[in-house]
Amino acid sequence: MNYIIYPTYGDLLNKHNEVIRKSGGTMGVFNENLLRGFIEFIQNNVYYPSFEEKLSHLVFSIAKNHGFCDGNKRTAIIAGAFFLELNAFDQFIIDAFIKNMEGIILLTVQGFINKEQLCQIIYDLIYNGKMSEKSQMIYVEILGKFNRFK
Numbered sequence: 542m543n544y545i546i547y548p549t550y551g552d553l554l555n556k557h558n559e560v561i562r563k564s565g566g567t568m569g570v571f572n573e574n575l576l577r578g579f580i581e582f583i584q585n586n587v588y589y590p591s592f593e594e595k596l597s598h599l600v601f602s603i604a605k606n607h608g609f610c611d612g613n614k615r616t617a618i619i620a621g622a623f624f625l626e627l628n629a630f631d632q633f634i635i636d637a638f639i640k641n642m643e644g645i646i647l648l649t650v651q652g653f654i655n656k657e658q659l660c661q662i663i664y665d666l667i668y669n670g671k672m673s674e675k676s677q678m679i680y681v682e683i684l685g686k687f688n689r690f691k
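Each number in our numbering comes from the position in the sequence shown (counting from 1) with 541 added on.
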């Protein structure tokens with residue numbers, strides 16, 4: 542990918558408001574600087590050289606760091622899908638991303654999936670449309686840990 546189009550702070554806010562209107566919750570920003578930082582950080586090619594690393598950091602950061610008052614996990618998924626859309630990913634890939642990320646993001650926020658594992662899963666979803674066998678094995682192992690933890 543030669544040229545990446547990044548979401549803006551306004552885009553994140555619009556997506557968040559859309560999520561809250563459709564699924565309920567409290568609208569509002571808890572920490573604007575944090576959210577603006579996520580957008581700035583993913584544009585740093587030293588720390589996030591690949592598209593999947595940029596996408597993973599955006600999704601991970603929104604979900605875990607609570608820049609919004611409510612709906613952070615939901616907004617993280619939709620913001621990630623929007624980032625894919627901005628960069629002309631096929632609708633099939635965007636749909637696969639949304640469908641698969643709900644459970645993955647929950648496990649990520651709870652600390653069962655780390656950022657590196659999330660990046661591998663996202664890589665598989667956006668370039669293959671599904672999780673690879675390796676990612677599926679990681680996911681099954683993590684689900685086992687999660688179920689023992691409950």
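Backbone N, C-alpha and C fix where the C-beta goes; we use that ideal spot for every residue, glycine too.
This one's a predicted model, so the numbers in the text were calculated from it and none came from an experiment.
Can you tell me which residues form a DSSP beta bridge with residue 570?
Sequence index remark: in the sequence shown, residue 570 carries index 29 (1-based). Bridge partners of residue 570: 609.
Quick one: using the 10 Å Cβ neighbour count with 16 as the cut-off for buried, is residue 671 buried or exposed?
Start at 1 with the first residue of the sequence shown, and residue 671 comes out as number 130. Residue 671 should be labelled exposed.
Could you pull the start and end residues of the alpha helix (DSSP H) that residue 646 belongs to?
Along the sequence shown, one-based indexing puts residue 646 at 105. Its alpha helix (DSSP H) spans residues 632-650.
Local conformation of residue 587 per DSSP, three classes:
By 1-based counting over the sequence shown, the position of residue 587 is 46. It is coil, neither helix nor strand.
How would you write the range of the alpha helix (DSSP H) that residue 679 sits in, first residue to last?
Counting from 1 along the sequence shown, the entry for residue 679 is found at position 138. Residues 674-690.
For residue 667 versus residue 592, is the C-beta spacing smaller than 9 angstroms?
Start at 1 with the first residue of the sequence shown, and residue 667 comes out as number 126. Start at 1 with the first residue of the sequence shown, and residue 592 comes out as number 51. In contact: residue 667 and residue 592 (Cβ atoms closer than 9 angstroms).
Determine the direct distance from the alpha carbon of residue 595 to that of residue 585, and round the result to whole angstroms.
Residue numbering aside, residue 585 sits at position 44 when the sequence shown is read from its first letter. Residue numbering aside, residue 595 sits at position 54 when the sequence shown is read from its first letter. So the alpha carbons of these two residues sit roughly 9 angstroms apart.
For residue 678 and residue 558, the rounded distance between their alpha carbons:
Counted from its first residue, the sequence shown places residue 558 at position 17. Counted from its first residue, the sequence shown places residue 678 at position 137. About 35 angstroms.
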